[in-house]
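Trainee: Quick one: the structure is below, and I'll ask about it shortly.
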Amino acid sequence: MEAEDINYKEQDRNAILAYLAGGKCTQVGDIIKYSGANKLRVYTILFELEQEDKIVVMNTEKFGSPKAVKLL
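For the sequence shown, our numbering begins at 298 and goes up steadily by one.
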C-alpha cells in the first residue's frame, strides 16, 4: 500500500466513532485527547457526523462549536 492510498480522514472518523461507541455524552476535548484522531480534523468530522445524523451535539461553545456530543 502506497502512502497516497491511505485515507487518514477515514481513519480519524473511525477512531472518533469507536471512541463514542460507549453511548454517553462525551466532551470534545476528551475526543481530541483520547480518540487517537488528528486534532485538526476532529471538528470537521464531528460536523459531518452531525449532518449525517450519526451524532447529536449536546452542548456548544460560545460561538457554536460543539463542546459535548453523543452518538445516536
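Glycine included, C-beta positions come from ideal geometry on N, C-alpha and C.
Exposed or buried, Tyr312, counting other C-beta atoms within 10 Å across all chains shown (16 or more means buried)?
Mentor: In the sequence as displayed, the identity of residue 312 is Ala instead of Tyr. Buried, because 16 or more other Cβ atoms sit within 10 Å of the Cβ of Ala312.
Trainee: So the candidates are Ala315, Gln348, Gly320, Asn335; which of them puts its Cα closest to the Cα of Asn304?
Mentor: Asn335
Trainee: Using only alpha-carbon positions, find the residue among Glu307, Ser332, Lys367 that is nearest to Val353.
Mentor: Lys367
Trainee: Using the Cα positions of Phe372 and Glu301, report the straight-line distance between them to the nearest angstrom.
Mentor: The requested residue 372 is not part of the displayed model; the chain covers only 298 to 369.
Trainee: Would Lys306 pass as a contact of Arg338 if the rule is Cβ separation under 7 Å?
Mentor: Yes. Within cutoff.
Trainee: Around the Cβ of Leu369, are there at least 16 other Cβ atoms within 10 angstroms (buried) or fewer (exposed)?
Mentor: Flag for Leu369 reads exposed.
Trainee: Apart from the five residues just before and just after Thr357, which ones in its own chain have a Cβ nearer than 7 Å to its Cβ?
Mentor: Pro363, Lys364
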